[in-house]
Amino acid sequence: MVAKPFGRRTLLRGAGVLGAASLAPWPSACAPDDDALTFFFAANPEEADARMRIVDAFEHWHPDIKVRTLLSGPDPMQQMSTFCAGDKCPDVLMAWEFSYAGLADRGVLLDLNTMLARDPAFAAELKRDSISALYETFTFDGGQYAFPEQWSGNFLYYNKKHFAEAGVPKPPGQWDRPWSFAEFLDTAKALTKRDQSGRVTRWGFVDTWVASYSAGLFGMNNGVPWSNPRMNPSHLNFDNAAFLDGIQFYADLSNKHKVAPTASETQSMSTMDLFSSGKAAMALGGHWRYQTFDRAEGLDFDVTVLPTGPHGHGAKSNIGTTGLAIAASSGRRQQAWEFVKFAAGPVGQAIIGETSLFVPVLRSAINSAGFADAHRRIGNLAVLTGGPAHSEGLPVSPAWEKINALMDRNFGPVLRGSRPATSLAGGLSREVDEVLRNP
105 MVAKPFGRRT LLRGAGVLGA ASLAPWPSAC APDDDALTFF FAANPEEADA RMRIVDAFEH
165 WHPDIKVRTL LSGPDPMQQM STFCAGDKCP DVLMAWEFSY AGLADRGVLL DLNTMLARDP
225 AFAAELKRDS ISALYETFTF DGGQYAFPEQ WSGNFLYYNK KHFAEAGVPK PPGQWDRPWS
285 FAEFLDTAKA LTKRDQSGRV TRWGFVDTWV ASYSAGLFGM NNGVPWSNPR MNPSHLNFDN
345 AAFLDGIQFY ADLSNKHKVA PTASETQSMS TMDLFSSGKA AMALGGHWRY QTFDRAEGLD
405 FDVTVLPTGP HGHGAKSNIG TTGLAIAASS GRRQQAWEFV KFAAGPVGQA IIGETSLFVP
465 VLRSAINSAG FADAHRRIGN LAVLTGGPAH SEGLPVSPAW EKINALMDRN FGPVLRGSRP
525 ATSLAGGLSR EVDEVLRNP
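To convert a position in the sequence shown, counted from 1, into this note's numbering, add 104.
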């Protein structure tokens with residue numbers, strides 16, 4: 105619940121899980137005399153395996169292009185910044201919605217519009233099949249710096265057995281049929297169980313994402329975006345009353361209503377394990393949790409949408425996407441373009457959809473039989489297939505790392521219950537505005 109944004113997945117520390125032929129240490133893999141196309145990404149072992157399926161398929165279709173994969177350590181942004189500054193930038197880079205703008209602003213990433221202009225057939229196909237909100241996530245300052253490759257927005261997992269035992273109604277199965285904050289809270293209360301001493305034996309709700317970001321999701325679902333405009337904003341809505349009400353509702357789930365573990369309690373427990381073991385009835389998270397929950401013994405779960413506040417206009421997820429970018433300094437620009445086209449295009453997206461590890465970003469892949477077959481146990485499949493189109497993005501700014509640090513510092517007291525959410529309208533709002541004025 106307090107992990108860093110990049111920590112929503114466990115990043116690989118080494119290359120052994122994929123075999124020596126697939127991976128190479130960073131410096132040697134990026135050597136200028138190496139003819140292979142280099143592809144940098146972060147992943148856990150299962151995700152890395154899925155990405156290797158893309159690489160293998162690409163090399164089958166393009167036998168003249170060899171791909172060398174590079175796995176990130178725990179701080180991918182630092183690695184990219186360091187090695188690109190040292191003229192060892194990988195040809196193809198994984199891009200994160202939160203941080204790519206800083207790289208684009210420094211000229212590290214290629215504007216893909218230059219490649220789209222030379223490939224009108226693919227450009228037209230991509231436009232027809234794309235979901236605009238995801239595609240535009242990587243549109244910054246007039247340039248297109250990555251193509252989205254997966255949707256990893258948040259929703260709710262719920263334990264079907266716990267709902268049945270508590271006699272509470274099933275939650276909604278579509279984004280355009282949301283439930284209210286009040287209905288969600290009543291449900292969480294009914295699902296929370298305590299023993300005779302008052303100790304919680306089952307939580308109504310747990311958060312497996314990043315607490316400050318999740319709180320912002322509740323603010324967003326009370327009818328207020330994080331910022332307006334989203335791209336390169338000059339102000340974030342940390343002083344908006346409705347946005348703050350949503351944050352307060354989230355904080356009250358643990359501190360006031362006691363249906364979720366407190367910030368201090370989550371320091372000594374895994375919220376993911378609580379849901380996997382049946383000790384939590386609902387869990388906020390993204391599709392990256394699906395494999396873990398799918399393999400949990402005895403866990404019968406489904407998915408539902410986030411609740412909507414009194415000022416909300418329909419349930420929303422966060423866009424939560426990663427993308428593929430090309431280094432501006434790449435000496436293999438055309439080969440990199442062919443790889444990005446393949447991975448972010450219909451063939452690569454169909455492969456992604458069949459893995460059950462990711463939610464693809466093209467309509468054709470999201471609505472494919474392969475994606476549905478990979479998620480046979482999910483009754484509310486529309487929560488996944490409709491998620492990308494019902495998502496709103498977090499702000500995109502070169503100053504996001506500084507903003508994130510300010511959020512960590514200022515959200516803590518609110519999430520611990522020692523300060524009200526309205527306190528953010530003073531310190532945090534002013535501090536963020538100053539950073540945006542002077543990034």
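Even for Gly, the Cβ is constructed at its ideal location relative to N, Cα and C.
Whether residue i touches residue j by CB criterion (7 Å)
| i | j | result |
| --- | --- | --- |
| G497 | R334 | yes |
| P492 | S468 | no |
| G427 | E253 | yes |
| T459 | L238 | no |
| V539 | I507 | yes |
| F515 | S316 | yes |
| A355 | V328 | no |
| F605 | G413 | Outside the shown range of the chain (105 to 543) lies residue 605, about which nothing can therefore be said. |
| F342 | L207 | no |
| A364 | S380 | no |
| K265 | D398 | no |
| F251 | A448 | yes |
| D406 | G483 | yes |
| A189 | K170 | no |
Closest by C-alpha distance to residue i, when choosing among the options
| i | options | result |
| --- | --- | --- |
| A429 | N217, E163, P178 | N217 |
| I235 | A225, F226, W255, D356 | W255 |
| D209 | P502, A315, E229 | P502 |
| G320 | N359, H164, N258 | N258 |
| H339 | S176, V500, V159 | V500 |
| K362 | F288, V304, R399 | V304 |
| H166 | E505, A440, S527, R481 | A440 |
| A367 | F226, V310, D406, D343 | V310 |
| F226 | W283, V444, R306, G323 | V444 |
| G435 | W279, L214, Q278 | L214 |
| V409 | R155, Q182, L485 | L485 |
| L519 | V314, A447, A454 | V314 |
| D280 | E505, S495, A525, D537 | S495 |
| Q248 | A478, A221, C193 | A221 |
For residue j and residue i, the rounded distance between their alpha carbons
| i | j | result |
| --- | --- | --- |
| F145 | D299 | 46 Å |
| N148 | T142 | 19 Å |
| P180 | Q395 | 23 Å |
| S203 | G382 | 35 Å |
| T312 | D168 | 43 Å |
| N263 | S472 | 26 Å |
| S358 | E269 | 23 Å |
| F475 | M219 | 29 Å |
| R388 | Y261 | It should be noted that the sequence gives Leu, not Arg, for residue 388. Cα to Cα, L388 sits roughly 6 Å from Y261. |
| T241 | T296 | 38 Å |
| V487 | A384 | 20 Å |
| Q352 | S421 | 18 Å |
| S533 | A205 | 21 Å |
| L348 | E287 | 19 Å |
| A161 | L510 | 43 Å |
| G246 | V463 | 27 Å |
| T243 | A432 | 16 Å |
| G521 | K360 | 8 Å |
| P524 | V159 | 49 Å |
Residue i (DSSP reduced to helix, strand or coil)
| i | result |
| --- | --- |
| Y261 | strand |
| A292 | helix |
| M219 | helix |
| K297 | strand |
| T425 | strand |
| Q248 | strand |
| A525 | helix |
| G389 | strand |
| G304 | Looking at the sequence shown, residue 304 is not Gly but Val. Strand. |
| Q183 | helix |
| T412 | strand |
| Q278 | coil |
| Q419 | Here residue 419 is Ala; the residue named in the question, Gln, does not match the sequence. Note: A419 maps to coil in three-state DSSP. |
| L485 | helix |
| V328 | coil |
Limits of the beta strand (DSSP E) - the one that residue i falls within
| i | result |
| --- | --- |
| G516 | Run containing G516: none in the beta strand (DSSP E); it sits in the alpha helix (DSSP H), 504 to 520. |
| F144 | 141 to 145 |
| Q439 | Q439 -> not in any beta strand (DSSP E); alpha helix (DSSP H) instead, spanning 437 to 448. |
| L214 | That residue, L214, is in no beta strand (DSSP E); it is neither H nor E in DSSP. |
| V96 | In the structure as shown, the chain begins at 105 and stops at 543. Residue 96 is therefore absent and cannot be evaluated. |
Span of the alpha helix (DSSP H), counted from its first residue to its last, around residue i
| i | result |
| --- | --- |
| A98 | One cannot answer for residue 98 here, as it falls past the ends of the chain, which runs 105 to 543. |
| R399 | 394 to 399 |
| T375 | 375 to 380 |
| A473 | 473 to 478 |
| M324 | 315 to 324 |
| R172 | Segment 171 to 175 is the beta strand (DSSP E) holding R172; no alpha helix (DSSP H) there. |
| A469 | 467 to 470 |
| M156 | 149 to 165 |
| A228 | 224 to 233 |
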